[in-house]
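Colleague: In terms of our numbering, the sequence shown opens at residue 109 and continues consecutively.
Backbone N, C-alpha and C define an ideal beta-carbon position, used for all residues, glycine too.
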Amino acid sequence: MFSFLSFIMNLFKLLIFATSALLASACGPGRGPMRRRGPRKILPLIYKQHDPNFSERSLAASGLPDGSISREDNLFRHLVPNYNPDIIFKDEEGTGADRIMTQRCKEKLNTLAISVMNQWPGVRLRVTEGWDEENHHARDSLHYEGRAVDITTSDRDRSKYGLLASLAVEAGFDWVYYESRSHVHASCRAESAHPSKNSGCFTAESKVLTESGKTKNMSNVVLGDKIQSVDSSGNIVYSEVLMFMDREPSEHRKFITLTTEDGSVLTLTSTHLVHTGAPDCNDISCFVPSYAGNVQKGQKLMVSTDGLHPQVVVQVEVTSHTGVYAPLTTMGNLVVDGVLASCYAVIDSQSIAHAAFAPVRWWYNIKHNTQYLLRTFSFTNSAANAVPRTSTVVPPPNGIHWYPDFLYNLARYVLPSHLVW
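1. On the CB-based measure, 16 or more other CB atoms within 10 Å of its CB, does Y155 come out buried or exposed?
2. Tell me which residue opens and which closes the beta strand (DSSP E) that Q336 is part of.
3. Considering only C-alpha positions, which residue in the set C451, R266, H476 and L481 is nearest to S288?
4. Leaving out five residues before and five after H380 in sequence, what residues of the same chain have Cβ atoms less than 6 Å from its Cβ?
5. Are the Cβ atoms of L515 and L436 separated by less than 9 Å?
6. Can you give the Cα-Cα distance for A279 and L220, rounded to whole angstroms?
7. Which ranges does the beta strand (DSSP E) cover as unbroken runs of at least 3 residues, wholly within the region 420-475, from first to last along the chain?
8. State the Cα-Cα distance for the pair F465 and Y511, rounded to the nearest angstrom.
9. I need the straight-line Cα distance from F395 to G204, nearest angstrom please.
10. Output yes or no for whether 9 Å exceeds the beta carbon distance between S372 and L317.
11. Please return the same chain residues whose Cβ sits closer than 8 Å to the Cβ of S262, not counting the five positions on each side in sequence.
12. Got a sec? Which residues, its chain only, sit under 7 Å from D445 by beta carbon, not counting five neighbours each side?
13. The beta strand (DSSP E) spanning S288 covers which residue range?
14. Can you give me the C-alpha to C-alpha distance between V447 and D199, rounded to a whole angstrom?
15. Hey, out of D370, M326, F363 and L331, whose CA is closest to P357's CA?
16. Taking the straight line between their C-alpha atoms, what separation do you get for G342 and S412?
17. Among the residues of its own chain, which have a CB less than 6 Å from the CB of V284, if the five just before and after it don't count?
18. Mark L482 as exposed unless 16 or more other C-beta atoms lie within 10 angstroms of its C-beta, in which case mark it buried.
19. Please tell me whether, using a cut-off of 8 Å, the distance from the CB of F485 to the nearest non-hydrogen atom of the ligand SAH is below it.
20. Could you work out which residue in N218, V338, T384 and Q227 is closest to F281 when comparing CA atoms only?
21. If you run the structure through DSSP and keep just helix, strand and coil, what is K315?
22. Compare the beta carbon distance of N441 and S347 with 9 Å and say whether it is the shorter of the two.
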């Protein structure tokens with residue numbers, strides 16, 4: 109029996125190795141399955157066009173604002189000055205504020221500066237607005253966080269601005285808007301919103317209901333617990349916790365807090381999937397998983413109160429908490445603080461994510477069945493079996509589990525970009 113178990117483990121490792129080898133070969137020269145494409149023609153953005161075609165605050169673009177940063181804030185030390193000589197900073201305030209930005213914004217801006225010089229020899233990139241400390245922009249503007257810049261070319265030739273906007277997209281800015289005849293607006297996601305730093309999780313204080321009827325904080329959930337979930341028919345069941353995809357008790361992150369009309373409150377990271385319905389949706393069949401950061405007032409969540417009932421979202425806010433937890437259940441979903449949510453994040457498809465974790469479910473089925481057979485066919489004498497056994501509950505390991513980390517890196521190569529955060 110142990111040899112069979114070892115064979116299954118080796119087979120699973122071989123599958124992962126073969127997949128990794130395939131990806132590695134595809135990255136090199138030659139006619140591999142993921143051959144690099146040749147250069148493509150860059151088309152200029154038209155006036156008032158933005159890329160991507162979402163609002164700036166959506167997860168598909170630069171994301172939600174984290175809050176204004178002043179020189180006295182602790183977060184100010186995370187901003188960096190940009191002294192790139194290939195960039196002209198207008199700095200009309202005379203404070204150097206236009207040079208201050210996040211590291212991500214600085215990297216994208218420096219990349220764009222090179223593209224501008226290559227596209228128009230003798231012309232440099234010009235920044236007219238960067239970090240704003242004087243409240244000159246609209247409320248919740250990303251300029252207040254050093255995540256946005258307004259740009260032109262040094263010759264101020266407005267006929268170039270459409271192509272300048274396209275070059276900004278190519279440089280990696282997360283949202284670019286040909287906002288005005290006099291400038292192009294470009295912005296970036298927050299440093300904390302990068303997938304490597306912000307997988308989908310719940311807070312330490314988030315609560316789940318176990319099969320025994322006991323309510324547990326997420327920080328106290330252990331492997332093997334059976335917690336409230338929903339099956340494919342929409343029935344409430346209790347599903348076993350197989351693993352923690354991420355578990356960081358001391359990690360401090362931004363969360364989205366969703367409040368429904370009945371007072372239910374769900375708190376989770378912006379890239380976590382939560383089952384949502386349109387305002388006219390009143391049945392679970394029309395609910396679809398979507399990023400928590402994209403949920404808006406008026407949409408509906410599925411709340412568990414003597415069965416599942418849709419409730420309208422009346423408030424969406426950004427909060428901060430310490431401790432992040434992402435349990436995986438057999439069903440691929442769970443009821444947290446009375447609200448139905450997915451176990452998955454970062455990949456914008458519940459079905460793809462659930463299928464990708466099928467090997468984990470197979471492995472645990474094989475493991476449980478093997479343990480059952482070993483107990484059944486054990487030759488231990490009956491007297492020894494009659495002695496009560498004590499078991500120690502071992503807390504799950506902290507950090508991101510290697511398997512979801514592997515899947516995310518794989519997904520960036522094999523899935524369309526609109527499905528991967």
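Modeller: Working from what's here:
1. On the sequence shown, residue 155 is found 47 positions in, with the first residue counted as 1. Y155 comes out exposed.
2. Within the sequence shown, numbered from 1, the residue matching residue 336 stands at position 228. For Q336, the enclosing beta strand (DSSP E) stretches over residues K334 to V338.
3. The count along the sequence shown starts at 1 and reaches residue 288 at position 180. Each of C451, R266, H476 and L481 was checked against the Cα of S288, and the nearest Cα belongs to R266.
4. Here residue 380 refers to the residue found at position 272 when the sequence shown is read from its first residue. Contacts found: G308, A400 and A453.
5. For the purposes of this step, residue 515 is identified with residue 407 of the sequence shown, where counting begins at 1. For the purposes of this step, residue 436 is identified with residue 328 of the sequence shown, where counting begins at 1. Taking 9 Å as the Cβ cut-off, L515 and L436 do not qualify as a contacting pair.
6. The residue given as residue 279 occupies position 171 in the sequence shown. The residue given as residue 220 occupies position 112 in the sequence shown. Those two C-alpha atoms are separated by around 5 Å.
7. For the region 420-475, whole beta strand (DSSP E) runs of length 3 or above, ordered along the chain, are 441-444 and 447-453.
8. To locate residue 465, count along the sequence shown from 1; it is residue 357. To locate residue 511, count along the sequence shown from 1; it is residue 403. Distance between the alpha carbons of F465 and Y511 is about 9 Å.
9. Position 287 of the sequence shown, counted from the first residue, corresponds to residue 395. Position 96 of the sequence shown, counted from the first residue, corresponds to residue 204. Roughly 49 Å between the two C-alpha positions.
10. What you label residue 372 is simply residue 264 of the sequence shown in a count that begins at 1. What you label residue 317 is simply residue 209 of the sequence shown in a count that begins at 1. The Cβ-Cβ distance between S372 and L317 does not fall below 9 Å.
11. Counting from one through the sequence shown, the residue named residue 262 turns up at place 154. These residues qualify, in order along the chain: I196, V231, R232, L233 and R234.
12. The sequence position of residue 445 within the sequence shown is 337, counting from 1. Listed in chain order, the non-local C-beta contacts of D445 below 7 Å within the same chain comprise S314, K315, S372, V373 and L374, local neighbours out to five positions each way being set aside.
13. For this step, residue 288 is matched to residue 180 along the sequence shown. Per DSSP, the unbroken beta strand (DSSP E) holding S288 starts and ends at W283 to S288.
14. In the sequence shown, residue 447 corresponds to position 339, counting from 1. In the sequence shown, residue 199 corresponds to position 91, counting from 1. Cα-Cα distance, rounded: 49 Å.
15. As a working mapping, residue 357 is identified with position 249 in the sequence shown. Checked all of D370, M326, F363 and L331; the closest Cα to P357 is M326.
16. Locating residue 342 in the sequence shown gives position 234, counting from the first residue. Locating residue 412 in the sequence shown gives position 304, counting from the first residue. Per the coordinates, the alpha-carbon of G342 lies some 11 Å from the alpha-carbon of S412.
17. Within the sequence shown, numbered from 1, the residue matching residue 284 stands at position 176. In the same chain as V284, and ignoring 5 residues on each side of it, the C-beta atoms closer than 6 Å to its own belong to D159, A273, A276, V277 and A294, in chain order.
18. Within the sequence shown, numbered from 1, the residue matching residue 482 stands at position 374. Note on L482: under 16 other CB atoms within 10 angstroms of its CB, so exposed under the neighbour-count rule.
19. Among the components modelled here there is no ligand, and therefore nothing to report on the ligand SAH.
20. The count along the sequence shown starts at 1 and reaches residue 281 at position 173. The option with the nearest alpha carbon to F281 is N218.
21. For the purposes of this step, residue 315 is identified with residue 207 of the sequence shown, where counting begins at 1. Of the three classes helix, strand and coil, the one that applies to K315 here is strand, per DSSP.
22. The residue you call residue 441 lines up with position 333 of the sequence shown. The residue you call residue 347 lines up with position 239 of the sequence shown. In this structure, S347 lies closer than 9 Å to N441 by Cβ.
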